[in-house]
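Colleague:
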Amino acid sequence: MVRVKLDHVSKYFGRVRAVDDIYLEVNHGEFVTLLGPSGCGKTTTLLMIAGIYKPTKGRIYFDDVDVTDLPPKDRNVGMVFQSYALYPHMTVYENIAFPLRIKKLPKNEIDRKVREVAKLLKIDHLLDRRPAQLSGGQQQRVALARALVKEPDVLLLDEPLSNLDALLRVYMRAELKRLQKELKITTIYVTHDQVEALSMSDRVVVMNEGKIQQVGTPEEIYAKPANVFVASFIGTPPMNIIRCLYDEKTNALQCPGFVYSLPDQWREVLSARTSDEILLGIRPEDVRIVEPSEGIEPHARAEVLVVEPLGRDIVITAALSEESTMKIVARPGTRISIGERLGLRFELEKVHLFDGRTGRAIV
Amino acid sequence: MDRSTLYTRARRRALLEKLLKAVVVIVVAVIPAIPIWLMYAGLVAQAFSSRVTLGIIPVGFTIRNWRFLWSEITMGLTKYPSIWPMLLNSLYLALGTALIVSLIAGLAGYALSRMEFRGRTPMMQFILALHAFPSVVLLIALFVLLNKLGLYGKGFITLTGVMIIEAALQIPMGAWIMKGFFDSIPWDVEWAALVDGCSRFTAWRKVILPLVLPGFAAVALFAFLAGWAEFILVFTFISNQRWYPLSVYIYNLIGEFKYVDWGMLAAASLFYAIPTIVFFALSQKLLLRIYVGGLKGVA
Amino acid sequence: MRLPTPRGRVLPWLFLAPLLAFVALFWITPVGLTVYLSLTNITFKNLVYFIRGDFSKISLTLQNLANVFLGKDPFILGVTEITVLYVCSVLAINAFYSLILSIAIAFFVKNEALSTFLRITWLLPRITPSVVYGLMWLWLMTPGTGPLYQLFSLLGIHPLSWLLCRPYSQLLMIMINGYVGVSFGMIIYTAAIKSIPKDLINAARVDGASDFYIARKIIFPLLKWPMLFVISWQTLSLIASYEYILIVWGGGAPGTESVGVAWSAGVMVFPLYAWFQAFALGNYAYGAAISLPIVIMGIGLLMFYFKVFGFQRLMQPTRIEV
Chain G
9 MVRVKLDHVS KYFGRVRAVD DIYLEVNHGE FVTLLGPSGC GKTTTLLMIA GIYKPTKGRI
69 YFDDVDVTDL PPKDRNVGMV FQSYALYPHM TVYENIAFPL RIKKLPKNEI DRKVREVAKL
129 LKIDHLLDRR PAQLSGGQQQ RVALARALVK EPDVLLLDEP LSNLDALLRV YMRAELKRLQ
189 KELKITTIYV THDQVEALSM SDRVVVMNEG KIQQVGTPEE IYAKPANVFV ASFIGTPPMN
249 IIRCLYDEKT NALQCPGFVY SLPDQWREVL SARTSDEILL GIRPEDVRIV EPSEGIEPHA
309 RAEVLVVEPL GRDIVITAAL SEESTMKIVA RPGTRISIGE RLGLRFELEK VHLFDGRTGR
369 AIV
Chain Z
696 MDRSTLYTRA RRRALLEKLL KAVVVIVVAV IPAIPIWLMY AGLVAQAFSS RVTLGIIPVG
756 FTIRNWRFLW SEITMGLTKY PSIWPMLLNS LYLALGTALI VSLIAGLAGY ALSRMEFRGR
816 TPMMQFILAL HAFPSVVLLI ALFVLLNKLG LYGKGFITLT GVMIIEAALQ IPMGAWIMKG
876 FFDSIPWDVE WAALVDGCSR FTAWRKVILP LVLPGFAAVA LFAFLAGWAE FILVFTFISN
936 QRWYPLSVYI YNLIGEFKYV DWGMLAAASL FYAIPTIVFF ALSQKLLLRI YVGGLKGVA
Chain H
4 MRLPTPRGRV LPWLFLAPLL AFVALFWITP VGLTVYLSLT NITFKNLVYF IRGDFSKISL
64 TLQNLANVFL GKDPFILGVT EITVLYVCSV LAINAFYSLI LSIAIAFFVK NEALSTFLRI
124 TWLLPRITPS VVYGLMWLWL MTPGTGPLYQ LFSLLGIHPL SWLLCRPYSQ LLMIMINGYV
184 GVSFGMIIYT AAIKSIPKDL INAARVDGAS DFYIARKIIF PLLKWPMLFV ISWQTLSLIA
244 SYEYILIVWG GGAPGTESVG VAWSAGVMVF PLYAWFQAFA LGNYAYGAAI SLPIVIMGIG
304 LLMFYFKVFG FQRLMQPTRI EV
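These protein sequence lines map, in sequence, to chains G, Z and H. Following this note's numbering, the numbering of the first sequence begins with 9 at its first residue and continues without gaps. Following this note's numbering, the numbering of the second sequence begins with 696 at its first residue and continues without gaps. Following this note's numbering, the numbering of the third sequence begins with 4 at its first residue and continues without gaps.
1. Count Cβ pairs between the stretch 161 to 173 of chain H and the stretch 209 to 219 of chain H that sit closer than 8 Å; are there 3 or more?
2. So, does the stretch 108 to 127 of chain G touch the stretch 171 to 185 of chain G, judging by three or more C-beta pairs under 8 Å?
3. Anything in the stretch 170 to 197 of chain G with a Cβ closer than 9 Å to a Cβ of chain H? List those residues in chain order, please.
4. Just by C-beta distance, which residues in the stretch 286 to 317 of chain H are closer than 7 Å to chain Z?
5. Of the residues H:117, H:185, H:187, H:45, which one's Cα is nearest the Cα of residue 56 of chain H?
6. Shortest alpha-carbon distance to residue 23 of chain G belongs to which of G:323, G:358, G:341, G:218?
7. Express the C-alpha separation of residue 775 of chain Z and residue 43 of chain H in angstroms, rounding to a whole number.
8. If we count the other Cβ atoms within 10 Å of its Cβ and call it buried at 16 or more, is residue 91 of chain H buried or exposed?
9. Evaluate the contact criterion for the stretch 253 to 265 of chain G versus the stretch 339 to 358 of chain G: three or more CB pairs, one atom per stretch, below 8 Å.
10. In terms of residue numbering, what span does the beta strand (DSSP E) encompassing residue 211 of chain G cover?
11. Quick check: the Cα distance between residue 369 of chain G and residue 93 of chain G, rounded to an integer number of angstroms?
12. Using a Cβ-Cβ distance cut-off of 7 Å, determine whether residue 707 of chain Z contacts chain G.
13. From residue 191 of chain G to residue 159 of chain G, what distance separates their C-alpha atoms?
14. How far does the alpha helix (DSSP H) with residue 826 of chain Z in it reach, from first residue to last?
15. Using alpha carbons as the reference points, say which of Z:907, Z:908, Z:885 lies closest to residue 897 of chain Z.
16. May I ask which residues mark the beginning and end of the alpha helix (DSSP H) holding residue 18 of chain H?
17. Bridge partners of residue 311 of chain G, per DSSP?
18. For the stretch 203 to 226 of chain H, which residues have a beta carbon sitting closer than 9 Å to at least one beta carbon of chain G?
19. Check whether the Cβ of residue 78 of chain G lies closer than 7 Å to any Cβ atom in chain Z.
20. Does the beta carbon of residue 161 of chain G sit closer than 7 Å to a beta carbon anywhere in chain Z?
21. Answer yes or no: does any C-beta atom of chain H fall closer than 7 Å to that of residue 797 of chain Z?
22. Tell me which residue opens and which closes the beta strand (DSSP E) that residue 887 of chain Z is part of.
23. By Cβ distance, which residues of its chain are closer than 6 Å to residue 223 of chain H, with the 5 residues on each side in sequence left out?
24. Using a C-beta cutoff of 7 Å, does residue 200 of chain G count as contacting chain H?
25. Determine the DSSP secondary structure at residue 259 of chain G, reduced to helix, strand or coil.
26. Suppose the cutoff is 8 Å on Cβ atoms and the five residues either side in sequence are ignored; what does the same chain contact list for residue 133 of chain H look like?
27. What is the C-beta distance between residue 764 of chain Z and residue 941 of chain Z, in whole angstroms, given that I count them as a contact (C-beta under 8 Å)?
28. Does the structure place the stretch 180 to 200 of chain G close enough to the stretch 115 to 122 of chain G that three or more beta carbon pairs sit under 8 Å?
29. At the level of alpha carbons, what is the spacing between residue 359 of chain G and residue 883 of chain Z?
30. Kindly identify the DSSP beta-bridge partner or partners of residue 338 of chain G.
31. What is the DSSP secondary structure of residue 988 of chain Z, counted as helix, strand or coil?
32. How many Å lie between residue 173 of chain H and residue 276 of chain H at the Cα?
33. Report the neighbours of residue 166 of chain G on chain Z: residues whose CB is nearer than 8 Å to its CB, in chain order.
34. Once DSSP output is grouped into helix, strand and coil, what is the label at residue 36 of chain G?
35. Between which two residues does the beta strand (DSSP E) carrying residue 136 of chain G extend?
36. Please identify the residue among G:52, G:13, G:214, G:180 whose C-alpha is closest to the C-alpha of residue 41 of chain G.
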């Protein structure tokens with residue numbers, strides 16, 4: 009169990025800034041996910057923690073000891089690669105035993121540890137097979153076993169579930185989380201799938217273009233996104249971002265197709281804005297459809313363009329104006345028809361405002 | 696032992712490993728490479744040096760060694776033929792080989808790659824086998840054959856005969872390489888062209904041809920270099936000095952000038968070797984790719 | 004899947020016809036001719052009759068074959084010994100040393116530019132025209148002034164002449180051919196090493212392996228097939244190779260005496276002996292007879308390789324296989 013600290017770490021490849029000034033602290037036994045689109049630098053960061061890449065700038069610490077110049081083999085990390093990287097010419101047993109053989113442990117101890125971890129991951133019946141004879145899920149567990157058998161201080165996983173089929177992925181998500189809690193190893197996980205990130209992690213680090221966008225618990229990331237990127241990256245379907253203009257005199261937002269009045273308390277926060285262009289964000293599932301019969305005044309009206317019944321919800325794409333559309337999630341059974349004009353309410357607690365120029369969250 | 700001591704130890708070990716690797720690389724790859732560097736440096740130095748150098752630095756820079764380019768060489772009472780006809784002979788041999796091989800290999804390669812016919816696999820196996828077979832062992836029979844065809848001792852015709860034989864020996868490798876190139880063109884591209892309205896021939900001309908041009912270039916280059924460097928065929932089959940290509944010309948110079956004029960020998964050799972080095976330098980990546988696909992060489 | 008051709012059955016063979024014609028004339032016929040010649044008594048004296056088709060002056064004889072296969076020629080044994088020495092030594096270099104060389108250049112060396120520089124260096128002997136290459140060695144080993152000669156002298160090795168004194172001449176023979184042959188293995192092995200997925204190497208690093216350990220336990224086992232391929236191909240190539248030996252030891256005007264140096268220097272390999280008999284001494288039939296075992300071995304080995312390795316694998320020499 010080890011604390012990992014990345015102190016203003018950057019990695020440049022020539023002129024490309026793959027990772028730009030990252031500061032991150034991971035605690036004992038914590039499960040942290042690096043989440044972001046491809047090319048955001050999350051895998052590069054992981055490889056720096058493993059020691060395969062050397063940071064261009066900054067230092068990396070394991071438990072306050074500077075490991076930046078330490079080669080991977082001395083860091084006691086276990087890593088599961090996206091491609092699993094199993095040694096094709098060795099059996100499953102030999103693959104798992106590989107790190108122990110290098111340490112020159114006695115034979116019977118190696119045998120004990122290998123079998124123990126194989127049992128833990130339920131692959132003990134596959135020990136004599138070769139990687140080519142295994143299914144994707146089995147290969148992944150062998151890779152995991154190999155990473156765990158040396159009892160690493162830090163466990164690193166690079167999109168381990170992306171090559172599995174959907175059903176297996178859901179199963180393994182729960183398995184990995186359970187395993188991590190049981191073994192209490194500090195774990196750093198990389199993925200572009202936000203569902204994985206939100207469901208498995210203690211904390212999530214959202215990254216884009218080499219920079220950290222936000223660090224927080226899944227709830228924080230979801231409910232309090234720090235900027236537009238995080239807001240629109242998390243959530244399926246993504247948060248609606250509506251471009252509006254702030255009118256200081258009326259303390260209201262001029263939005264496509266409607267005007268949204270803001271409370272007085274927000275005036276002060278809004279004074280720190282860098283532009284009058286404000287982005288109004290609201291998640292599709294937070295939009296309330298009001299029936300005329302309810303007698304409540306809607307904030308906006310939108311014309312239904314597309315209705316997608318997904319079983320558990322209905323996703324509606326509706327047009328607020330000529331150029332602006334938004335998505336709404338409705339309960340199954342709601343009667344919606346194309347062309348219908350819906351009354352929508354955006355409750356204040358669910359509304360997010362972002363600075364139109366910087367993208368940072370204002371409220 | 697606490698962590699930071701472990702870490703310091705590990706860093707030291709890492710440094711040691713780096714050092715060891717460097718030692719291995721030097722012992723295995725650098726030191727034995729010294730003769731190679733000496734060779735080339737020596738050749739270049741010697742070509743421009745007025746005296747035999749004891750090393751690789753030219754002593755007394757001169758271009759007198761290159762006089763074979765513009766004046767006659769005499770050795771005692773023997774007059775050596777000028778180098779220019781020899782150059783033309785080499786060019787003829789090399790270009791002819793390149794032409795014949797690219798054409799025939801191109802046709803064969805296309806058939807092997809894109810056509811369906813019975814016996815395709817055995818044909819491919821046969822060509823691969825030819826490619827691997829050390830053809831140089833058939834020299835004696837080829838000599839007799841050359842004679843039987845009436846091509847021996849007939850000067851220019853003999854040279855042409857040698858060219859044809861050289862081409863014949865290079866064709867299997869050429870066909871193999873061309874097949875590889877044709878294989879690498881996806882079918883979809885051709886089909887797309889057909890769907891877009893081309894006739895089979897137009898599709899071939901506008902779509903396939905540009906894509907295989909590098910293949911043709913590669914095969915032609917290989918064949919050219921093979922013809923340029925060819926020694927043993929010419930040495931054995933051509934007896935008339937007038938029709939020597941550069942390889943045999945220089946070989947003869949070695950015997951006579953070895954103890955007398957290293958400088959000129961080096962200059963002539965450099966002159967002869969330059970096209971090879973230049974071509975190689977320009978197309979290194981391409982050639983390397985081809986080499987892996989099909990190889991031929993003496994050992 | 005191939006598009007069916009309009010003139011279906013005939014067209015492919017039309018495309019292949021020129022190749023087949025060349026092969027029939029210059030590959031197949033010479034093989035048959037070699038067999039035929041070895042059974043005759045054709046020398047420079049009666050070659051002209053054979054050409055004219057006048058078989059009255061030609062007789063069939065088994066003498067040539069007896070000399071070669073039954074050892075009736077007293078020199079055959081010596082030549083065979085030298086050939087075995089030559090093939091085994093150079094093969095060791097071409098197949099095994101080149102593996103270590105490749106691992107050093109393509110794996111240990113991390114700097115791309117340095118790696119390329121070294122690769123080009125080691126490729127130079129192969130791409131140089133043989134005559135120039137031979138000349139350069141003659142210069143290197145010139146007694147007294149040759150740089151390599153001097154380097155060896157510093158190590159205490161200074162024979163009177165590297166060319167003439169055994170066993171230095173044989174060592175030189177092996178070196179000259181070795182430097183050329185090494186690049187073959189290097190090309191194949193380097194390509195194979197580069198095709199190993201990077202993640203595999205990284206995983207081994209994380210697992211705790213040093214580069215040496217990785218070379219031993221991961222790279223080397225994965226290169227088993229390429230190595231087998233190199234050994235097979237090189238064996239075939241080496242049993243018939245003699246060009247460089249001819250150039251270096253036969254330096255001089257073509258004629259009888261020149262190859263005599265190869266004799267006393269102990270570098271007369273089998274195919275060179277055939278050449279010598281045929282073109283220096285004019286015994287064409289005997290020369291053909293000496294070539295015959297090589298031809299037979301060549302064909303035999305090829306059939307063996309095809310059977311044992313299978314065509315598919317032979318087509319992909321650099322594929323790393325488990």
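The beta carbon of each residue, even a glycine, is placed where N, CA and C say it ideally should be.
Modeller: Considering the structure as presented:
1. no
2. no
3. none
4. Answer in chain order: 287, 290, 291, 294, 297, 298, 301, 305, 309, 314, 317.
5. Residue numbering aside, residue 56 of chain H sits at position 53 when the third sequence is read from its first letter. Of the listed residues, the one whose Cα sits closest to residue 56 of chain H is H:45.
6. Taking the first sequence and counting its residues from 1, one reaches residue 23 of chain G at position 15. That would be G:218, whose Cα lies nearest to the Cα of residue 23 of chain G.
7. Here residue 43 of chain H refers to the residue found at position 40 of the third sequence. Here residue 775 of chain Z refers to the residue found at position 80 of the second sequence. Roughly 39 Å separates the two Cα atoms.
8. If you number the third sequence from 1, residue 91 of chain H lands on position 88. Under this definition residue 91 of chain H is an exposed residue.
9. Cβ pair count under 8 Å is below three, so no.
10. In the first sequence, residue 211 of chain G corresponds to position 203, counting from 1. Looking at the DSSP string, the run of the beta strand (DSSP E) that includes residue 211 of chain G is 211 to 216.
11. What you label residue 369 of chain G is simply residue 361 of the first sequence in a count that begins at 1. What you label residue 93 of chain G is simply residue 85 of the first sequence in a count that begins at 1. Computed Cα separation, rounded: 41 Å.
12. Locating residue 707 of chain Z in the second sequence gives position 12, counting from the first residue. So, not an interface residue.
13. Numbered from 1 along the first sequence, position 183 holds the residue referred to as residue 191 of chain G. Numbered from 1 along the first sequence, position 151 holds the residue referred to as residue 159 of chain G. Distance between the alpha carbons of residue 191 of chain G and residue 159 of chain G is about 9 Å.
14. Here residue 826 of chain Z refers to the residue found at position 131 when the second sequence is read from its first residue. Here the alpha helix (DSSP H) through residue 826 of chain Z covers 815 to 827.
15. Along the second sequence, read from residue 1 onward, the residue named residue 897 of chain Z stands at position 202. Closest option to residue 897 of chain Z, Cα to Cα, is Z:885.
16. Taking the third sequence and counting its residues from 1, one reaches residue 18 of chain H at position 15. According to the DSSP assignment, residue 18 of chain H belongs to the alpha helix (DSSP H) that extends over 13 to 26.
17. Counting from 1 along the first sequence, the entry for residue 311 of chain G is found at position 303. DSSP output for residue 311 of chain G lists G:327, G:349 as bridge partner(s).
18. Those would be 203, 204, 205, 206, 207, 208, 209, 210, 211, 212, 213, 216, 220, 221, 224, 225, in chain order.
19. The residue you call residue 78 of chain G lines up with position 70 of the first sequence. Judged by the 7 Å Cβ criterion, residue 78 of chain G is in contact with chain Z.
20. Counted from its first residue, the first sequence places residue 161 of chain G at position 153. So, not an interface residue.
21. The residue labelled residue 797 of chain Z in the question sits at position 102 within the second sequence. No - not a single Cβ of chain H is within 7 Å of the one on residue 797 of chain Z.
22. By 1-based counting over the second sequence, the position of residue 887 of chain Z is 192. Careful: residue 887 of chain Z lies outside any beta strand (DSSP E), inside the alpha helix (DSSP H) at 882 to 890.
23. Locating residue 223 of chain H in the third sequence gives position 220, counting from the first residue. There are no such residues.
24. What you label residue 200 of chain G is simply residue 192 of the first sequence in a count that begins at 1. So no, residue 200 of chain G is outside the interface.
25. Within the first sequence, residue 259 of chain G is the residue found at index 251, counting from 1. Note: residue 259 of chain G maps to coil in three-state DSSP.
26. Working through the third sequence from its first residue, we reach residue 133 of chain H at position 130. Cβ neighbours of residue 133 of chain H beyond the five flanking positions: 246, 247, 250.
27. Here residue 764 of chain Z corresponds to residue number 69 of the second sequence, with the count starting at 1. Here residue 941 of chain Z corresponds to residue number 246 of the second sequence, with the count starting at 1. That belief does not hold up - the Cβ atoms of residue 764 of chain Z and residue 941 of chain Z are roughly 13 Å apart, past 8 Å.
28. no
29. As a position in the first sequence, residue 359 of chain G is number 351, starting the count at 1. As a position in the second sequence, residue 883 of chain Z is number 188, starting the count at 1. Distance between the alpha carbons of residue 359 of chain G and residue 883 of chain Z is about 51 Å.
30. Here the question's residue 338 of chain G lines up with position 330 in the first sequence. Answer by DSSP bridge pairing, in chain order: G:322.
31. In the second sequence, counting from the first residue as 1, residue 988 of chain Z sits at position 293. Here residue 988 of chain Z scores only 46 on pLDDT, less than 50, and its place in the model should not be relied on; the value that follows carries that caveat. Three-state DSSP puts residue 988 of chain Z in a helix.
32. If you number the third sequence from 1, residue 173 of chain H lands on position 170. If you number the third sequence from 1, residue 276 of chain H lands on position 273. C-alpha separation (whole angstroms): 16 Å.
33. In the first sequence, the residue the question calls residue 166 of chain G occupies position 158. Within 8 Å Cβ-Cβ: nothing; residue 166 of chain G doesn't reach chain Z, min ~23 Å.
34. By one-based count along the first sequence, residue 36 of chain G stands at place 28. DSSP places residue 36 of chain G in coil when its eight states are reduced to three.
35. Locating residue 136 of chain G in the first sequence gives position 128, where the first residue counts as 1. Segment: none, residue 136 of chain G is in no beta strand (DSSP E) and carries neither H nor E.
36. Here residue 41 of chain G corresponds to residue number 33 of the first sequence, with the count starting at 1. From the listed residues G:52, G:13, G:214, G:180, the smallest Cα separation to residue 41 of chain G is found for G:214.
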